[in-house]
Structures are given as structure tokens and as C-alpha cells.
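In the numbering used here, the protein residues as written are 23 to 111.
Cβ atoms here follow ideal geometry from the backbone N, Cα and C, with glycine treated the same way.
To keep things clear, I will list the structure first and then write my remarks on it.
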């Protein structure tokens with residue numbers, strides 16, 4: 023995909039992008055591959071789309087989180103999401 027903006031994303035894609043950004047094990051590189059947005063672009067999009075308090079919580083959560091940055095990840099992290107995340111309950 024080419025470079026996206028929040029205006030050019032469909033509502034489901036925007037929702038999925040925000041969900042991926044909140045997920046601890048989904049690195050920014052995976053978001054870039056899926057949506058064409060770099061980490062600074064994701065941060066700007068989250069700032070625009072979330073309430074200020076939610077954005078502040080998200081930034082605090084992802085800043086320095088090794089699993090959000092492939093270069094900081096342990097070599098033992100081999101998947102992008104929790105094994106329980108997509109199971110039907």
C-alpha cells in the first residue's frame with residue numbers, strides 16, 4: 023500500500039490500525055507493512071483520533087516497549103500477537 027492518511031483509510035481499516043497500535047506485540051513495522059504508515063505517522067494519527075487522555079495512556083504504554091520495536095525485541099518473540107487473542111470464546 024502507499025502512504026495512507028486517516029482520511030484515506032476506511033472506517034474498518036482505521037479501527038484495525040488503532041487496534042494494532044494498542045496491541046503490545048504488534049510492532050510498528052507490521053503497521054507500516056499493512057498500512058504504509060511509519061511510527062511517527064502512527065503517533066500523529068493516534069494523537070488525532072484518540073481523546074487526549076487515551077493518547078497519553080497509549081504513549082506511556084508504547085514508549086520504550088521492546089515488543090513494539092523489532093530492533094528491541096528479544097529473539098524469542100516470534101509472533102505478533104498473544105496466542106489467546108484471536109480465539110473464539
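For residue 35, the enclosing alpha helix (DSSP H) begins and ends at 33–44. Between residue 69 and residue 77, the C-beta spacing is below 9 Å. Counting other Cβ atoms within 10 Å of its Cβ, residue 73 stays below 16 and is therefore classed as exposed. In this structure, the CA atom of residue 60 is about 15 Å from the CA atom of residue 44. In this structure, residue 35 lies away from residue 89, with their beta-carbon atoms at least 9 Å apart.
In the DSSP assignment, residue 82 falls within the alpha helix (DSSP H) that extends over 74–84. Within the same chain, and ignoring the five residues on either side of residue 53 in sequence, the residues whose Cβ sits closer than 7 Å to its Cβ are 39, 42, 43, 59, 64.
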